[in-house]
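Below: one structure, written as structure tokens.
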Amino acid sequence: MIRNMITLMSNDLATAFKNKTLYLILFTPLFVFLALQFVDQTDTGHRKIKIGLIEKAAYPPAMLRSIRSADQAFEAVWLADEAEGKAWLKEKKGDGILRPSGKEPQRLELIVLTKASFQTIAIVEGVAALQNSVEGDRPHWISEIQPIRESTVLQQTRPTWILMLVLLVGFIVLPAQIAEEKEKKLLLGLLQTPIREMEWLLAKIFSGMILIGASVLFLHLLGRLPLELGSGASYIAFLIAGAFCFSAFGVFVGFLCRTQASARTLGVLFYLPHLLPSALSEFSQKLTAVAPFLPSYPFYEPIRSILLEGNRLSNFFLEWVYLVSVGLAACFFSYILMKKRWLM
Amino acid sequence: MQLQVNHLTKVYPGKKGLLPTTFTVEKGELIAIVGHNGAGKSTLLKMLAHWLVPDGGAVRVEGVDLKNRLALVRKMGFVPETPNLFDLFSVEYNLKLFARLFRVPFSRVEETLKEFNLLSHRRHNIIDLSKGLKQRVSIGRSLLADPPLLLFDEPTSGLDFEMTKDIYTLLQRLHASGKTILFTSHRPEEIKTLATRIMVLHQGGLVFDGPPGDYFQSNIHENLYA
Chain A
1 MIRNMITLMS NDLATAFKNK TLYLILFTPL FVFLALQFVD QTDTGHRKIK IGLIEKAAYP
61 PAMLRSIRSA DQAFEAVWLA DEAEGKAWLK EKKGDGILRP SGKEPQRLEL IVLTKASFQT
121 IAIVEGVAAL QNSVEGDRPH WISEIQPIRE STVLQQTRPT WILMLVLLVG FIVLPAQIAE
181 EKEKKLLLGL LQTPIREMEW LLAKIFSGMI LIGASVLFLH LLGRLPLELG SGASYIAFLI
241 AGAFCFSAFG VFVGFLCRTQ ASARTLGVLF YLPHLLPSAL SEFSQKLTAV APFLPSYPFY
301 EPIRSILLEG NRLSNFFLEW VYLVSVGLAA CFFSYILMKK RWLM
Chain X
1001 MQLQVNHLTK VYPGKKGLLP TTFTVEKGEL IAIVGHNGAG KSTLLKMLAH WLVPDGGAVR
1061 VEGVDLKNRL ALVRKMGFVP ETPNLFDLFS VEYNLKLFAR LFRVPFSRVE ETLKEFNLLS
1121 HRRHNIIDLS KGLKQRVSIG RSLLADPPLL LFDEPTSGLD FEMTKDIYTL LQRLHASGKT
1181 ILFTSHRPEE IKTLATRIMV LHQGGLVFDG PPGDYFQSNI HENLYA
């Protein structure tokens, strides 16, 4: 009995190696670990807090002196005006801006991207510690916090969930479905009928787009997330382009695999690197630098900007064209593979 | 002639596949293609059915080139060894799906269900059917567009005696109705009772092509299956 079990287990492990499931098992924790290294270690712990100060504004001299002296914890960056500061924050070049409070003299307002973030907590704690060491128990220098993005956690994280849904259908659902059709010879059966290869291909891509549309709609309905008319049209245009791009990409991934098992593995190998750097770029300057090199970023960043900052399609037209182009290229390569009956 | 195969070739890495093969088929023939595993029988049929892309050669079916798939799918039906049906859907769904793609009326589905004794199974999912029933659905599906030429890859493989007899009867009926049939087989009794012509493939090459009487009188059969 034990001998049989060992034989069967060896066979299972050999199969896992053959269909690349083993790579999936190893790759997932490795990738999550690496991604979280960027978030946890560098951003919240040892990194200096970059604080923006407005050149023409009057700051309490004690505060300026203490920030300058605490050069291990703070890096002060002088900015021409508040508009430049906000752009600086949006580009994630800094963590927050301090400006004199309009309501209470000698006190400050902290402008941050989002209220509930590591950066905001770090700035408030850091400034409070500085003040305690200089002035003791006096009213806090920071009297209020102004977030640039005023929204709930669900609204703030909506771009991440949308990206996740798009990639899930593109890289997990579609490749496995196509590999199954190839594995069971269903696709070849369909090609015994007078349908064109391109018809099958487009039907598959559109079915992926419909799945994405349905899941995103469900997310909106669950979260009761409203859309403005102008940005709503831009958002839908990007959602369609992204759904097309990643559905076509997913179909192409499906064509690279002979079996469902290998399609699932390959799908995850594409899914995580596309999802995590973009989705976590909010929390990390390093990931913000890496993410633009991924095809998921030209989808994520415009969606985020449109939903959270009210931007329009016209600001991201190149990204929109890029997504459609990648989709068309994936569609073309899938067509070539289909014509060659690749791994069928 | 109905089918003209000219130097059709398929080479797999490290394997022979099908060496350049030439033959013609007249209307109404019932041809058994025999040979060992790996002789090239299935490769030949799969190339004719557009499952594989040939490396060389030319094929014409009723004057239409093999490359014109859209025109040929109505002239040639292919029944694979393992039925390739949508397992999680019913018999009726599968037939209706293909009827829709072939643009034939649903009344043809009803006729097929009746013709293949599938009326009582119409709502059963494919996954719940026996292999024999699945094979019947698969054959029924390939006949939806009423193609004049039919290709069967090992039609009785894995079937019990009764089911095998059913398939023989069906092939004879289809032949009697004027269809041209090519089928691959391992079973001498199929070759003897059904075929009007035998083609023997060995290591990718065509080594015999003639009537069953000549085949069984020659020593090819003995050499092949000794």
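First to last, the sequence lines map onto chains A and X.
The first sequence stops at residue 344 when you use the working numbering, and every number in between is there.
The second sequence stops at residue 1226 when you use the working numbering, and every number in between is there.
Each residue gets a CB set at the ideal place from its N, CA and C atoms; glycine is no exception.
- Task: Identify whether M1001(X) lies in helix, strand or coil by the three-state DSSP scheme.
- Result: Here M1001(X) sits in coil by DSSP.
- Query: Any contact of the stretch 291 to 299 of chain A with the stretch 261 to 278 of chain A, i.e. 3+ C-beta pairs under 8 Å?
  - Reply: Cβ pair count under 8 Å is three or more, so yes.
- Candidates K1010(X), M1076(X), N1068(X), I1127(X): which alpha carbon is nearest Q1002(X)'s? Closest by C-alpha distance to Q1002(X), out of K1010(X), M1076(X), N1068(X), I1127(X), is M1076(X).
- Query: Closest Cβ-Cβ distance between L1101(X) and chain D: below 7 Å?
  - Reply: The structure shown has no chain D; the protein chains it does contain are A and X.
- Query: According to a CB-to-CB cut-off of less than 8 Å, which residues of the stretch 1072 to 1085 of chain X neighbour chain A?
  - Reply: Listed by position, the residues of the stretch 1072 to 1085 of chain X near chain A (Cβ gap below 8 Å) are V1073, R1074, G1077, F1078, P1080, T1082, N1084, L1085.
- Message: Just list the residues that DSSP pairs L110(A) with in beta bridges.
- Response: As DSSP reads the structure, L110(A) sits in a beta bridge with L98(A), I145(A).
- Message: Can you check whether the C-beta of L1095(X) is within less than 7 Å of a C-beta belonging to chain A?
- Response: No, L1095(X) lies away from the interface with chain A (no Cβ there is under 7 Å from its Cβ).
- Query: Three or more beta-carbon pairs under 8 Å between the stretch 1195 to 1211 of chain X and the stretch 1036 to 1045 of chain X, yes or no?
  - Reply: Judged by Cβ distances under 8 Å, the stretch 1195 to 1211 of chain X makes contact with the stretch 1036 to 1045 of chain X, as three or more pairs qualify.
- Task: Using a Cβ-Cβ cut-off of 7 Å, state whether D1053(X) counts as contacting chain A.
- Result: Sequence check: residue 1053(X) is Val here, not Asp. Taking Cβ atoms only, chain A reaches closer than 7 Å to V1053(X), which makes this a yes.
- Task: Grab the span of the alpha helix (DSSP H) containing I1167(X) for me, first residue to last.
- Result: That run of the alpha helix (DSSP H) goes 1161 to 1176.
- Query: Looking at the C-beta of L1070(X), does it have a partner C-beta in chain A at a distance below 7 Å?
  - Reply: So, interface residue.
- Query: Would you call the stretch 237 to 244 of chain A and the stretch 193 to 213 of chain A touching, i.e. three or more CB-CB distances under 8 Å?
  - Reply: Contact check between the stretch 237 to 244 of chain A and the stretch 193 to 213 of chain A: three or more CB pairs, one atom from each, fall below 8 Å, which counts as touching.
- Message: I want to verify the contact list: residues of chain X whose CB lies under 7 Å from the CB of L188(A), in sequence order.
- Response: Correct list: W1051, N1084.
- Residues of the stretch 180 to 211 of chain A with Cβ closer than 8 Å to any Cβ of chain X, in chain order: Taking 8 Å as the upper bound on Cβ-Cβ separation, chain X lies near residues K184, K185, L186, L188, G189, L190, L191, Q192, T193, P194, I195, R196 of the stretch 180 to 211 of chain A.
- Task: Decide if R99(A) is buried, meaning its Cβ has at least 16 other Cβ atoms within 10 Å, or exposed.
- Result: Burial call: buried.
- Which residues mark the beginning and the end of the beta strand (DSSP E) in which G52(A) is found? Per DSSP, G52(A) is one residue of the beta strand (DSSP E) stretching across 49 to 54.
- Answer yes if the stretch 1068 to 1075 of chain X comes into contact with the stretch 1108 to 1124 of chain X, meaning at least three C-beta pairs across the two stretches below 8 Å, and no otherwise. Counting Cβ pairs under 8 Å, fewer than three are found: no touch.
- Task: Provide the residue span of the alpha helix (DSSP H) that contains D1214(X), from first to last.
- Result: D1214(X) -> alpha helix (DSSP H) spans 1212 to 1217.
- Determine which residues of the stretch 99 to 115 of chain A have a Cβ less than 8 Å from any Cβ of chain X, and write them out in chain order. Within the stretch 99 to 115 of chain A, no residue has a Cβ that lies closer than 8 Å to any Cβ of chain X.
- Message: Does R1141(X) come out as helix, strand or coil in the three-state DSSP assignment?
- Response: DSSP places R1141(X) in the helix class (H, G or I) of the three-state scheme.
- Query: Which residues does DSSP pair with H1202(X) in a beta bridge?
  - Reply: Paired residue(s): G1205(X).
- Task: Determine the extent of the beta strand (DSSP E) in which M1076(X) is found, giving its start and end residues.
- Result: 1076 to 1079 is the extent of the beta strand (DSSP E) around M1076(X).
- Would you kindly report the start and end of the unbroken alpha helix (DSSP H) that includes T1043(X)? 1041 to 1048 is the extent of the alpha helix (DSSP H) around T1043(X).
- Listing by chain order, which chain A residues have their CB less than 7 Å from the CB of F1098(X)? Here the neighbours are T193.
- Message: I believe R341(A) touches L1182(X) by the beta-carbon criterion, under 8 Å. Please report the beta-carbon distance rounded to the nearest angstrom.
- Response: In this structure R341(A) is not in contact with L1182(X), their Cβ atoms being roughly 20 Å apart against a cut-off of 8 Å.
- Message: For R258(A), would you say it is in contact with chain X, using Cβ-to-Cβ distances shorter than 7 Å as the test?
- Response: It does not; no Cβ of chain X falls within 7 Å.
- Message: So if DSSP puts T1021(X) in a beta bridge, which residue, or which two residues, is it bridged to?
- Response: BP columns for T1021(X) point to L1008(X).
- Task: Could you pull the start and end residues of the beta strand (DSSP E) that R1060(X) belongs to?
- Result: For R1060(X), the enclosing beta strand (DSSP E) covers residues 1056 to 1061.
- Buried or exposed: which applies to N311(A), given that a residue is buried once 16 or more other Cβ atoms fall within 10 Å of its Cβ? N311(A) should be labelled buried.
- Query: Which residues does DSSP pair with V1185(X) in a beta bridge?
  - Reply: In the sequence as displayed, the identity of residue 1185(X) is Ser instead of Val. Listed as beta-bridge partners of S1185(X) by DSSP are V1034(X).
- Leaving out five residues on either side along the sequence, give the residues of the same chain with a beta carbon under 6 Å from the beta carbon of C257(A). Only A179, A263, L266 meet the Cβ criterion.
- Can you grab the Cα-Cα spacing for the pair A16(A) / W141(A), in whole Å? If you take the alpha carbons of A16(A) and W141(A), they lie about 60 Å apart.
- Jot down the residue ranges of each uninterrupted alpha helix (DSSP H) in the stretch 1096 to 1126 of chain X, minimum 4 residues, whole runs only, in chain order. Within the stretch 1096 to 1126 of chain X, the complete alpha helix (DSSP H) runs of at least 4 residues are 1106 to 1115.
- Task: Drop a sphere of 10 angstroms on the beta-carbon of P1147(X), count the other beta-carbons inside from all chains shown, and report buried for 16 or more, exposed for fewer.
- Result: Note on P1147(X): 16 or more other CB atoms within 10 angstroms of its CB, so buried under the neighbour-count rule.
- Query: Should S1157(X) be listed as close to the ligand FMN, given that the test is whether its C-beta is under 6 Å from any heavy atom?
  - Reply: Only the bare structure without any ligand can be found here, which leaves the ligand FMN out of the picture.
- Message: Once DSSP output is grouped into helix, strand and coil, what is the label at A70(A)?
- Response: It is coil, neither helix nor strand.
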